[in-house]
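Let me begin by presenting the structure, written as structure tokens, before commenting on it.
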DNA sequence: TAATATCGCTAACGGATGTTAGCAAAGATA
DNA sequence: TATCTTTGCTAACATCCGTTAGCGATATTA
């Protein structure tokens, strides 16, 4: 009988969620089957249900844990006594690092949230909308300060967030530049596109 | 008996492909069923097979028609006697307009190509890789000319392409700025992030 | 109008899917 | 060791999926 291996402070459920992130990233939520997931975990499909309620629950966990991390970060950054452009840069660096280090979860949260079911779906969409508005507000402030070019702030947010999701391609590419170089390049281009010269 | 309505020069297959693009965009390729598609077309699922060979064929058509449009455009732009930064701008404007006007096809091609089956899959990935390299080469040339900042060209390409895919959010947003404004904002930020001041 | 090709329908297929029931093995606790 | 809880297994379910066969209806052509 093959047991799910756990280490200290990592529940069997956590193991499943982590493997699910990798699988959902690779195949997409719909195309990834519970039998696929079971195989990745090293167990039969039915056994998964001793630890989780449903396939969608896995998606909930992934989407909301990622969303919460970003919400906490923007809370923190908004409160700091620094320039708007510095706030934007800090937020971007956080996004970049999250995408570099927790790539699978972040990617899944970004691409597969459509498959959430209500009420989680509306909830997630709301959080997302609010987050983007707060991000846009920081940029708007920077425009008023003349730190940032006169641009449409929501469009800028949209560009920043989607640009960062391109790190997915970096992960899959064979000849990667280092993570640090990637971060600096992205900041150079994105912040460089915003600042008022 | 409900027939698929066609207009002049539009085959029934074209009608199906177009509806498929909308459906695949909305639900994702895997989650969109042939019965969904049939309903959107106004016909029974089995009837679709009088016009198409398979569900995947729909994806082929969408992915490759989009890819071909971009390849033709980059052919054209490479040959023009203009500065590197002007080439980048032209290419970006093309991407932006494609995403604005043929949003559903472009989006599907971008997000759902993973579900292609070999040999189409490898083929598509190759075309994509080559396209990005050609795009990167234009940027690289601009860096040598000192028109463009010293950045990692592949990373810049990645940012540009993904940033543009953010237009999807613009499409779904309720209070949109105009398409023309969107284009100018994106060019301002993205080209502004590249040019060497 | 008669002959032919096109198109849409119903019915059904084989297979994959998420999930449940019920039992057995293993670990934890006493 | 005896008891209880946790975990995994096999088997099976209902449902959905893409797709095919075969027939009748409709449009096209002569």
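Protein chains in written order, with the working numbering: chain A, 3 to 199; chain B, 3 to 199.
For each residue, glycine too, the CB sits at the ideal point set by N, CA and C.
Inter-residue spacing [alpha-carbon to alpha-carbon] between residue i and residue j
i: residue 146 of chain B; j: residue 154 of chain B; result: 12 Å
i: residue 133 of chain B; j: residue 139 of chain B; result: 10 Å
i: residue 204 of chain A; j: residue 34 of chain A; result: Lying outside 3 to 199, the shown extent of chain A, residue 204 of chain A is not represented and no answer is given.
i: residue 96 of chain A; j: residue 173 of chain A; result: 17 Å
i: residue 131 of chain A; j: residue 137 of chain A; result: 10 Å
i: residue 27 of chain A; j: residue 187 of chain A; result: 25 Å
i: residue 105 of chain A; j: residue 17 of chain B; result: 38 Å
i: residue 29 of chain B; j: residue 163 of chain A; result: 22 Å
i: residue 45 of chain A; j: residue 53 of chain A; result: 12 Å
i: residue 75 of chain A; j: residue 13 of chain A; result: 26 Å
i: residue 37 of chain A; j: residue 37 of chain B; result: 25 Å
i: residue 78 of chain B; j: residue 185 of chain B; result: 21 Å
i: residue 135 of chain A; j: residue 193 of chain B; result: 24 Å
i: residue 189 of chain A; j: residue 152 of chain B; result: 13 Å
i: residue 82 of chain A; j: residue 148 of chain A; result: 19 Å
i: residue 176 of chain B; j: residue 11 of chain A; result: 45 Å
i: residue 92 of chain B; j: residue 4 of chain A; result: 58 Å
i: residue 124 of chain B; j: residue 170 of chain A; result: 18 Å
i: residue 178 of chain A; j: residue 80 of chain B; result: 26 Å
Cutoff 8 Å: residue i Cβ touching any chain B Cβ
i: residue 144 of chain A; result: no
i: residue 161 of chain A; result: yes
i: residue 135 of chain A; result: no
i: residue 11 of chain A; result: no
i: residue 62 of chain A; result: no
i: residue 36 of chain A; result: no
i: residue 153 of chain A; result: yes
i: residue 128 of chain A; result: no
i: residue 56 of chain A; result: no
i: residue 86 of chain A; result: no
i: residue 173 of chain A; result: no
i: residue 195 of chain A; result: yes
i: residue 199 of chain A; result: yes
i: residue 74 of chain A; result: no
Cβ distance (whole Å) where residue i is taken to contact residue j below 8 Å
i: residue 126 of chain B; j: residue 69 of chain B; result: 7 Å
i: residue 6 of chain B; j: residue 43 of chain B; result: 6 Å
i: residue 150 of chain B; j: residue 198 of chain B; result: 6 Å
Proximity below 8 Å, CB of residue i to CB of residue j
i: residue 50 of chain B; j: residue 64 of chain B; result: no
i: residue 141 of chain A; j: residue 165 of chain A; result: no
i: residue 31 of chain A; j: residue 114 of chain A; result: yes
i: residue 210 of chain A; j: residue 62 of chain A; result: Missing from the structure shown is residue 210 of chain A; chain A here goes from 3 to 199 and no further.
i: residue 160 of chain A; j: residue 168 of chain B; result: yes
i: residue 196 of chain A; j: residue 191 of chain B; result: yes
Proximity to residue i [Cα-Cα], best of the options
i: residue 57 of chain A; options: A:119, A:178, A:181; result: A:119
i: residue 182 of chain B; options: B:28, B:74, B:103; result: B:103
i: residue 90 of chain A; options: A:100, A:144, A:128; result: A:144
i: residue 22 of chain A; options: A:12, A:11, A:41; result: A:41
i: residue 180 of chain A; options: B:171, B:156, B:195, B:190; result: B:156
i: residue 111 of chain A; options: A:194, A:162, A:19, A:54; result: A:19
i: residue 60 of chain B; options: B:11, B:117, B:162, B:178; result: B:117
i: residue 15 of chain A; options: A:55, A:72, A:76; result: A:55
i: residue 129 of chain B; options: B:12, B:66, B:177; result: B:66
i: residue 101 of chain A; options: A:53, A:72, A:12; result: A:72
C-beta neighbour in chain A for residue i, strict 8 Å
i: residue 184 of chain B; result: yes
i: residue 93 of chain B; result: no
i: residue 115 of chain B; result: no
i: residue 32 of chain B; result: yes
i: residue 104 of chain B; result: no
i: residue 97 of chain B; result: no
i: residue 188 of chain B; result: yes
i: residue 158 of chain B; result: yes
i: residue 24 of chain B; result: no
i: residue 179 of chain B; result: yes
i: residue 167 of chain B; result: yes
i: residue 191 of chain B; result: yes
i: residue 164 of chain B; result: yes
Proximity test, residue i beta-carbon vs the ligand NAD heavy atom, cut-off 7 Å
i: residue 147 of chain B; result: Here there are no bound small molecules, and the ligand NAD is not part of this structure.
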